[in-house]
Amino acid sequence: MPSALLELRQVSKRFRRDDEENTLEALGEVSFTVQKGEFLSIIGPSGCGKSTLLRIIAGLITPSTGECLHNGQLVSKPSLERGLVFQDPRLFPWLTVRENIGLAGNRSEELLETMDLQGFGDALPHDLSGGMASRVALARALAPRPNLLLLDEPLANLDQKLRSKLQGELRGIWKKEGVTCILVTHDIEEALALGTRLLVLSKRPGRILRDTPLMCLEDREALKPQVLAWMEG
Ligand SMILES: Nc1ncnc2c1ncn2[C@@H]1O[C@H](COP(=O)(O)OP(=O)(O)O)[C@@H](O)[C@H]1O
Ligand SMILES: [Mg+2]
C-alpha cells in the first residue's frame, strides 16, 4: 500500500506553565492520515488546539507525545515542502509584493497572475487591501512549490463577500497547483465549502470527534446542523 503524504500517530501537546506541575493540555491525542490531493478541513471550537495541531504539522513546535511523518520522514523543523499561511498575512513591509512572493521561489510573475495581482508587483504591503495582502501571503507560501499547504484561518480577517471570493480562488489554486491542503477554521461554512474531507475536533483538549468525506453539495448542507451538534457535544 502506498504510504500517506502525511501521518500523525498519537500526537498530543501540553504546554508547560510556570512550573513543571502546572501544564495546559492544548491538544488531545490525535491520529490521522492525509493522502496526496486531499483538501482536509479541520473544524473545532476556538481554543481547542487547531493552531497547535497545524504548527506541529508545520514543524514549528514539537508534540509532547507521538510523531508526525511527512512523506515518511519525521517532521522536526519547518520545510519549504510545507507552505504555511496564517490569519494575519505577515508580509515583510519593506519588500514589494513581487519581492515578498519571490523570497522563497522564483516564480513571482506566474503567481502574480494566478492570484490576480497583475500590476501590483511593485506595490508595498501598506498599499494593499486586506484581500490583496491575503493573496500575496498565499502566493508566497506557494512559490517554493510545497506539496502540502497549511492554512490557519487565512481568511478570518476578511469581510464575508471577499471571503467567499477568496474561498473560490483557494479551491481553484488547490486544483491548478495540485497541492494537498489542510485548512483549520472555526467557520463551518468555510470548512464545508472548501474541503473534500472534514475532521471535527472537540473542545480543548481537541480530539477527533468525526472524520467524514464531503461528497456533493447536498451532503454538505445536510452536515451543517450535525457538525454544530458534534462540536457542542
Ligand atoms: N505557546 C503556548 N504556550 C502556552 N499555551 C498555549 C500556547 N499556544 C497555545 N496555547 C494554548 O493552547 C490552547 C489551544 O490554542 P490554539 O491551538 O491556538 O487553539 P485554536 O487555534 O483552536 O483557537 C489555548 O488554550 C491556548 O491558550
Ligand atoms: Mg487558532
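Everything in the sequence shown is counted per this note's numbering, starting at 7 for the first residue and increasing by one. Where a beta carbon is used, it is the ideal one built from N, C-alpha and C, also for glycine.
Residue i at chain B interface by Cβ criterion, 8 Å
{"i": "L223", "result": "Structure shown: chain B not included; a single protein chain is present."}
8 Å Cβ cutoff met for residue i and residue j
{"i": "L154", "j": "L11", "result": "yes"}
{"i": "F38", "j": "I214", "result": "yes"}
{"i": "T191", "j": "E238", "result": "no"}
{"i": "A139", "j": "P131", "result": "yes"}
{"i": "L204", "j": "S47", "result": "yes"}
{"i": "G89", "j": "L148", "result": "yes"}
{"i": "V103", "j": "G127", "result": "yes"}
Buried versus exposed call for residue i [16 or more other C-beta atoms within 10 Å across all chains shown]
{"i": "F98", "result": "exposed"}
{"i": "T1", "result": "The chain is shown only over 7 to 239; residue 1 falls outside these bounds and no answer can be derived."}
{"i": "A32", "result": "buried"}
{"i": "P84", "result": "exposed"}
{"i": "M121", "result": "buried"}
{"i": "S9", "result": "exposed"}
{"i": "E35", "result": "buried"}
Coarse secondary structure for residue i, derived from DSSP in three states
{"i": "K230", "result": "helix"}
{"i": "I67", "result": "coil"}
{"i": "T120", "result": "helix"}
{"i": "K209", "result": "coil"}
{"i": "K19", "result": "strand"}
{"i": "H192", "result": "coil"}
{"i": "G127", "result": "coil"}
{"i": "R203", "result": "strand"}
{"i": "D133", "result": "helix"}
{"i": "E26", "result": "coil"}
{"i": "E224", "result": "helix"}
{"i": "L90", "result": "strand"}
Supposed contact pair residue j and residue i - C-beta distance, whole angstroms, cut 8 Å
{"i": "V206", "j": "G72", "result": "Contact doesn't hold; Cβ gap of about 20 Å is too wide."}
{"i": "L157", "j": "I179", "result": "With 8 Å as the limit, L157 and I179 do not qualify as a contact, their Cβ atoms being about 11 Å apart."}
{"i": "A162", "j": "Q93", "result": "5 Å"}
{"i": "E44", "j": "T186", "result": "6 Å"}
{"i": "I63", "j": "K19", "result": "With a Cβ gap of about 12 Å, I63 and K19 do not count as contacting."}
{"i": "R141", "j": "A110", "result": "16 Å between Cβ atoms; not a contact."}
Range covered by the alpha helix (DSSP H) that runs through residue i
{"i": "K167", "result": "166-183"}
{"i": "V40", "result": "No alpha helix (DSSP H) contains V40, which is instead part of the beta strand (DSSP E) from 29-40."}
{"i": "G50", "result": "Unbroken run through G50: none, as it is neither H nor E."}
{"i": "L215", "result": "It is not in any alpha helix (DSSP H) - L215 instead sits in the beta strand (DSSP E) that spans 214-219."}
{"i": "G137", "result": "136-148"}
Endpoints, beta strand (DSSP E) assigned at residue i
{"i": "G108", "result": "Counting along the chain, G108 falls outside any beta strand (DSSP E), though it belongs to the alpha helix (DSSP H) covering 103-108."}
{"i": "D158", "result": "154-158"}
{"i": "R151", "result": "Segment: none, R151 is in no beta strand (DSSP E) and carries neither H nor E."}
Residue i beta carbon near ligand 4 (any heavy atom closer than 7 Å)
{"i": "S114", "result": "Only ligand 1 and ligand 2 can be found as ligands here, which leaves ligand 4 out of the picture."}
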